[in-house]
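Enquirer:
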Amino acid sequence: FIVSKAAELGQFIAVHPDDQLTYMFRDLLNRLQIKMKTGTIELELISHIHIYDNLIVISLPGDVVSDFGKQIKEALSPFPVILICYSNAYANYLVTKHEYGKYFETYTSRLPLGKADEFIDMVIIEAKSKVTG
């Protein structure tokens with residue numbers, strides 16, 4: 030994703046140097062170039078799950094996109110769920126496979142495509158095991 034998207038943004042900037050989108054695309058390209066220079070970063074994603082009566086409180090190591098929030102809350106229904114983000118070993122944005130590459134969050138996320146989905150699936154499994162006993 031990073032290499033192909035960087036090439037795409039660079040080509041747009043070269044062809045349309047005065048376009049209104051060029052300023053934003055330069056910023057996104059810069060973020061991708063930083064990712065390419067730093068290489069792969071291994072993060073230990075940590076989540077804490079606490080049950081208080083019927084309330085589930087989950088801490089997550091970054092900002093979850095709305096699809097993940099909805100997915101977690103639906104998976105743990107009928108229990109009320111509170112998500113506490115930006116905690117533990119901060120990983121920046123947690124972006125779904127479906128949304129990866131579409132929005133700004135992808136360009137600053139520290140996670141590769143699909144890694145956040147795997148992590149959220151594990152959090153849901155662990156939370157379900159805690160509430161079912």
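The number in the working numbering is simply the position in the sequence shown, starting from 1, with 29 added.
Ideal placement from N, C-alpha and C gives every residue a C-beta, glycine not left out.
1) Using the DSSP secondary-structure output, state which residues sit across from residue 92 in a beta bridge.
2) Below 8 Å on the Cβ atoms is my contact criterion, and I expect residue 87 with residue 80 to pass it. Report the Cβ-Cβ distance as a whole number of Å.
3) Taking contact to mean at least 3 C-beta pairs separated by less than 8 Å, is the stretch 123-131 in contact with the stretch 37-51?
4) Looking only at its chain, what residues have a beta carbon closer than 6 Å to the beta carbon of residue 104, apart from the 5 residues adjacent to it on each side?
5) If we call anything under 7 Å between Cβ atoms a contact, is residue 121 one with residue 138?
6) Do you know how far the Cα of residue 96 is from the Cα of residue 62?
Expert: This is what the structure holds:
1) On the sequence shown, residue 92 is found 63 positions in, with the first residue counted as 1. Beta-bridge pairing links residue 92 to 122.
2) The count along the sequence shown starts at 1 and reaches residue 87 at position 58. The count along the sequence shown starts at 1 and reaches residue 80 at position 51. No, residue 87 and residue 80 are not in contact; Cβ-Cβ is about 10 Å, not under 8 Å.
3) no
4) For this step, residue 104 is matched to residue 75 along the sequence shown. Hits under 6 Å: 153.
5) In the sequence shown, counting from the first residue as 1, residue 121 sits at position 92. In the sequence shown, counting from the first residue as 1, residue 138 sits at position 109. Taking 7 Å as the Cβ cut-off, residue 121 and residue 138 qualify as a contacting pair.
6) Taking the first residue of the sequence shown as 1, we reach residue 62 at position 33. Taking the first residue of the sequence shown as 1, we reach residue 96 at position 67. Roughly 27 Å between the two C-alpha positions.
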